[in-house]
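Student: A single structure is presented below for examination.
Protein chains: 4
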Amino acid sequence: MFAKFLNLNPEKQDRILNAALKEFAQKGYQNASTNEIVKEAEISKGLLFHYFKNKKDLYLFLHNHFLDIFMEEIHKKINWSEKDIFERYRDIARLKFEVYQKYPEMFNFIKNVFTEDAAEVKVDMDRRKQEILSKGYKDLFGDIDTSKFKEGIDVERAINIIFWTMEGFSNRYHNKLDALQLELINIDELIAEMEFYSEVLRQGFYK
Amino acid sequence: MFAKFLNLNPEKQDRILNAALKEFAQKGYQNASTNEIVKEAEISKGLLFHYFKNKKDLYLFLHNHFLDIFMEEIHKKINWSEKDIFERYRDIARLKFEVYQKYPEMFNFIKNVFTEDAAEVKVDMDRRKQEILSKGYKDLFGDIDTSKFKEGIDVERAINIIFWTMEGFSNRYHNKLDALQLELINIDELIAEMEFYSEVLRQGFYK
Amino acid sequence: MFAKFLNLNPEKQDRILNAALKEFAQKGYQNASTNEIVKEAEISKGLLFHYFKNKKDLYLFLHNHFLDIFMEEIHKKINWSEKDIFERYRDIARLKFEVYQKYPEMFNFIKNVFTEDAAEVKVDMDRRKQEILSKGYKDLFGDIDTSKFKEGIDVERAINIIFWTMEGFSNRYHNKLDALQLELINIDELIAEMEFYSEVLRQGFYK
Amino acid sequence: MFAKFLNLNPEKQDRILNAALKEFAQKGYQNASTNEIVKEAEISKGLLFHYFKNKKDLYLFLHNHFLDIFMEEIHKKINWSEKDIFERYRDIARLKFEVYQKYPEMFNFIKNVFTEDAAEVKVDMDRRKQEILSKGYKDLFGDIDTSKFKEGIDVERAINIIFWTMEGFSNRYHNKLDALQLELINIDELIAEMEFYSEVLRQGFYK
DNA sequence: CATGAATGAGATTTCATTCAT
DNA sequence: TATGAATGAAATCTCATTCAT
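Chains as they are written, first to last, in full-length UniProt numbering: chain A, 1 to 207; chain B, 1 to 207; chain C, 1 to 207; chain D, 1 to 207.
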């Protein structure tokens with residue numbers, strides 16, 4: 001399917017990928033302009049459609065591509081021997097924000113799968129959302145140590161609560177930065193604040 | 001600003017409002033077509049731009065308008081004498097899903113403030129998001145009874161956790177319905193499941 | 001459907017119609033360029049699509065329009081009291097070639113219904129072809145005097161033979177003109193030559 | 001001119017020829033895509049244009065090629081000792097429809113010379129049409145027995161009438177099949193119906 | 001001989017907005 | 001107030017043809 005593209009010299013591949021990434025990340029699927037992409041990538045209009053049969057295919061390819069890169073990064077850098085859910089979360093959060101610092105556009109682009117509502121790609125993205133949530137979840141938290149939870153507590157639901165708390169906290173942090181138009185995250189400060197929430201939850205749920 | 005529009009005969013106001021609501025809710029800001037709106041509202045193109053100087057203004061006006069209606073609804077129907085946070089949440093959740101059942105388009109439209117990424121309206125929507133979250137929060141949960149929480153717990157953060165849990169749970173429910181292409185919500189079932197989460201949280205946070 | 005267009009001031013209607021007619025007649029459906037049409041008609045690109053929702057609709061409208069004009073012309077100018085099939089044919093042929101002289105593009109355009117094979121309009125044109133052939137035939141030759149034919153002859157088939165002969169003759173004449181790149185027809189010469197064929201057929205089929 | 005191509009190994013020649021035939025027959029000159037042709041023939045874009053300097057040349061070459069094949073077939077299979085024009089026509093008609101059954105694409109392609117109106121090839125095709133009609137005619141009917149015609153009849157014109165009748169009949173049959181979306185021809189039924197027309201003509205023109 | 005990446009003009013269609021009436 | 005004709009830039013995508021390798 002995309003063999004043609006992958007045979008291309010890597011420098012040009014990169015130019016195309018990054019141009020598309022930037023455009024989609026900033027404007028969303030619908031608003032992104034293939035014209036802008038080719039201009040930024042410095043290729044001809046025809047060439048883009050030589051490699052990707054239409055805008056949708058390009059978008060879907062990009063999504064796979066960068067998600068793969070992101071997941072690889074995660075799997076390499078997480079300390080998998082640490083089984084405590086709060087420690088694990090801290091590692092993941094730190095990594096996530098590091099990636100965001102380094103590749104904000106890539107991060108935004110991937111994140112957009114959760115908000116993209118252009119009819120054309122909605123179905124594919126919805127499927128993807130489900131996969132990421134369920135598979136991603138099992139991958140990342142399937143092996144945590146549940147023996148630390150209080151007797152009598154509904155562990156599965158407690159884990160969901162932890163999950164939602166961490167997500168909620170991250171999002172609020174993100175929003176705050178957006179609102180302040182800041183791009184620089186103080187990751188240590190973030191992790192410290194996160195730790196307070198972990199503490200509250202530990203108090204409530206752990207023995 | 002919109003005085004001209006508000007002087008218009010109410011029946012025509014309604015036609016315009018509902019046509020625009022439907023279009024924006026279904027297609028998002030960018031994708032919504034003013035052509036479709038005037039066709040549905042049975043007015044001329046010129047008239048729409050006579051009342052609203054551009055598409056963006058129309059969108060912003062609509063948002064204020066329907067959010068006001070929604071908040072009014074909430075304030076009228078909530079039992080404000082109940083000060084327990086979980087009870088309060090249950091009331092709000094029930095109301096939210098009732099509104100969704102009854103006016104899914106209005107609901108979707110308002111909700112879109114959180115996902116809209118069309119460059120033109122993004123800044124305004126981001127500001128709005130902050131307002132809703134902080135002001136809405138204080139409005140709805142400013143008076144709850146904090147004496148029920150365990151001694152030594154960080155109540156403010158605990159409340160945030162409760163908030164994110166309820167939001168996370170609602171969203172997951174919504175997504176599940178979307179994925180199953182269902183439109184009908186069994187509200188009692190939803191509330192019952194929500195109660196389980198409340199129970200876990202009560203166990204952890206309440207005396 | 002096309003009410004919008006028909007309300008337009010006639011001078012501009014004409015400019016659009018003639019520009020489109022010319023383009024379609026010369027290049028066929030597929031090859032005709034809406035860009036050329038708007039340029040020739042001196043209107044903006046958008047306006048064409050304000051009146052006709054797409055290229056296909058424009059084509060179909062044009063076809064109806066000019067065919068109507070053509071049929072009206074025929075019905076007005078034929079001497080309907082003459083019931084002899086050969087006389088009737090002579091009248092029609094003369095008229096046809098007069099129209100061709102006067103409006104060669106209109107003529108070519110209508111004729112193209114029989115050769116148009118662009119997938120998009122083929123189905124509609126095929127239906128039309130059937131209609132024209134069967135209805136047109138009945139209209140034009142439904143009332144001829146069959147008592148002149150020899151006893152024992154299969155009149156229906158004889159009429160078909162006359163029909164095909166006249167068509168074949170006309171086409172050959174047309175082709176010859178095309179090949180010689182002539183535009184001017186000597187109609188009297190044509191009719192005279194046609195008369196020879198009528199004579200052969202009369203000899204064979206009439207009492 | 002096409003020497004290069006004819007030196008190519010026959011299997012590849014065939015792949016190219018058939019791919020082009022199919023594409024042109026199905027879509028007409030203008031609509032046919034050289035992209036599709038190379039894909040179907042499994043050759044590179046460059047190679048096609050190495051052998052044929054452009055699309056038009058390919059089309060013209062194809063036309064010669066398949067017409068030659070078709071004419072050869074005719075000359076081999078007709079019973080040239082039968083000099084009665086109706087018998088000869090029956091043979092030719094039968095053969096034509098047999099070829100159509102067997103190679104509908106080749107048939108359609110050749111036939112298209114009569115309807116092709118893409119500006120680029122129109123002139124060449126018009127010239128070709130004349131050649132086929134006049135030369136083909138002499139080839140096929142130059143030796144028929146004219147002594148069977150009635151005294152006093154204009155034999156040359158009578159033959160034209162027979163010709164147009166048979167063509168007209170064939171075309172009507174074809175159109176009927178197209179309209180019914182049938183692909184299968186009942187050749188015997190067709191010949192039987194044709195015989196009725198022959199009978200009417202014999203009655204009129206033969207002694 | 002053979003490849004296939006590259007071109008870029010040109011295709012149809014949409015759209016928010018304006019303005020004369 | 002109200003109309004709806006008019007605009008034209010911008011959108012996505014196609015296509016025959018070239019050329020360096």
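Backbone N, C-alpha and C define an ideal beta-carbon position, used for all residues, glycine too.
Flag residue 145 of chain D as yes when its Cβ comes closer than 8 angstroms to any non-hydrogen atom of the ligand FMN, and as no otherwise.
Tutor: Absent from the structure shown: the ligand FMN. Ligands present: none.
Student: How big is the Cα-Cα spacing for residue 104 of chain D and residue 172 of chain C?
Tutor: 26 angstroms
Student: Going by DSSP, name the residue or residues bridged to residue 149 of chain B.
Tutor: Residue 149 of chain B pairs with B:206.
Student: Within 10 angstroms of its Cβ, does residue 59 of chain B collect 16 or more other Cβ (buried), or is it exposed?
Tutor: buried
Student: When the Cα of residue 90 of chain D is compared with those of D:107, D:207, D:195, which residue comes out closest?
Tutor: D:195
Student: Buried or exposed: where does residue 140 of chain A fall if 16 or more other Cβ atoms within 10 Å of its Cβ makes it buried?
Tutor: When all chains shown are included, residue 140 of chain A counts as buried.
Student: Would you give the residue range spanned by the alpha helix (DSSP H) that residue 30 of chain C belongs to?
Tutor: First-last of the alpha helix (DSSP H) with residue 30 of chain C: 10 to 31.
Student: State the DSSP-derived secondary structure class of residue 103 of chain D, mapped to helix, strand or coil.
Tutor: Residue 103 of chain D: coil per DSSP, three-state reduction.
Student: For chain C, is any of its Cβ atoms less than 9 angstroms away from the one on residue 41 of chain D?
Tutor: No, residue 41 of chain D does not count as interfacial toward chain C.
Student: Please look up how many angstroms separate the CB atoms of residue 67 of chain B and residue 78 of chain B, rounded, as I've assumed it's under 8 angstroms.
Tutor: Contact doesn't hold; Cβ gap of about 16 angstroms is too wide.
Student: Can you name the start and end residues of the alpha helix (DSSP H) that residue 159 of chain D belongs to?
Tutor: 155 to 180
Student: How big is the Cα-Cα spacing for residue 80 of chain C and residue 192 of chain C?
Tutor: 21 angstroms
Student: Relative to the C-alpha of residue 121 of chain D, which candidate in D:24, D:17, D:8 has its C-alpha closest?
Tutor: D:24
Student: Just to confirm, is the Cβ distance from residue 114 of chain B to residue 185 of chain B under 9 angstroms?
Tutor: no
Student: Against chain B, with Cβ distances strictly below 9 angstroms, would residue 100 of chain A count as a contact?
Tutor: no
Student: Measuring CA to CA, which of B:40, B:168, B:174 is closest to residue 100 of chain B?
Tutor: That would be B:174, whose Cα lies nearest to the Cα of residue 100 of chain B.
Student: Does the pairing of the segment 30 to 46 of chain C with the segment 9 to 19 of chain C give three or more beta-carbon distances under 8 angstroms?
Tutor: yes
Student: Is DSSP giving residue 91 of chain C helix, strand or coil here?
Tutor: Of the three classes helix, strand and coil, the one that applies to residue 91 of chain C here is helix, per DSSP.
Student: Under 8 angstroms, CB to CB, which of the residues in the segment 153 to 180 of chain B have a partner in chain A?
Tutor: 153, 154, 157, 158, 160, 161, 163, 164, 165, 167, 168, 169, 175, 178, 179
Student: Does residue 28 of chain A have its Cβ less than 9 angstroms from a Cβ in chain B?
Tutor: yes
Student: At the level of alpha carbons, what is the spacing between residue 163 of chain B and residue 131 of chain B?
Tutor: 16 angstroms
Student: If the criterion is Cβ atoms closer than 9 angstroms, does the pair residue 161 of chain C and residue 109 of chain C meet it?
Tutor: no
Student: Give me the Cα-Cα distance between residue 150 of chain C and residue 207 of chain C, rounded to the nearest whole angstrom.
Tutor: 4 angstroms
Student: Name the two residues that bound the continuous alpha helix (DSSP H) containing residue 34 of chain C.
Tutor: 34 to 41
Student: What three-state label does DSSP hand residue 142 of chain C in the structure shown?
Tutor: coil
Student: Spell out whether any CB of chain B is found under 9 angstroms from the CB atom of residue 56 of chain A.
Tutor: For residue 56 of chain A, the answer is no, since every Cβ of chain B falls outside 9 angstroms of its Cβ.
Student: Pull up the distance between the alpha-carbon of residue 203 of chain D and that of residue 152 of chain C, whole angstroms please.
Tutor: 10 angstroms
Student: Identify whether residue 73 of chain A lies in helix, strand or coil by the three-state DSSP scheme.
Tutor: helix
Student: With DSSP as the reference, label residue 78 of chain D as helix, strand or coil.
Tutor: When secondary structure is reduced to three states using DSSP, residue 78 of chain D falls in the coil class, being assigned neither helix nor strand.
Student: Rounding to the nearest angstrom, what Cα-Cα distance links residue 159 of chain A and residue 133 of chain B in this structure?
Tutor: 25 angstroms
Student: Check whether chain D comes within 9 angstroms of residue 115 of chain C, counting only Cβ atoms and requiring the distance to be less than that.
Tutor: yes
Student: Can you list, in chain order, the residues of its chain whose CB lies under 7 angstroms from that of residue 126 of chain B, leaving out five sequence neighbours each side?
Tutor: none
Student: List the residues of chain D that residue 204 of chain C touches, going by C-beta distances under 9 angstroms, in chain order.
Tutor: The contacting residues are 150, 153, 158, 161, 200, 201, 203, 204, 205.
Student: Who are the neighbours of residue 126 of chain A on chain B, taking C-beta pairs under 9 angstroms?
Tutor: 175, 178, 179
Student: Alpha carbon to alpha carbon, how far is residue 146 of chain D from residue 138 of chain D?
Tutor: 14 angstroms
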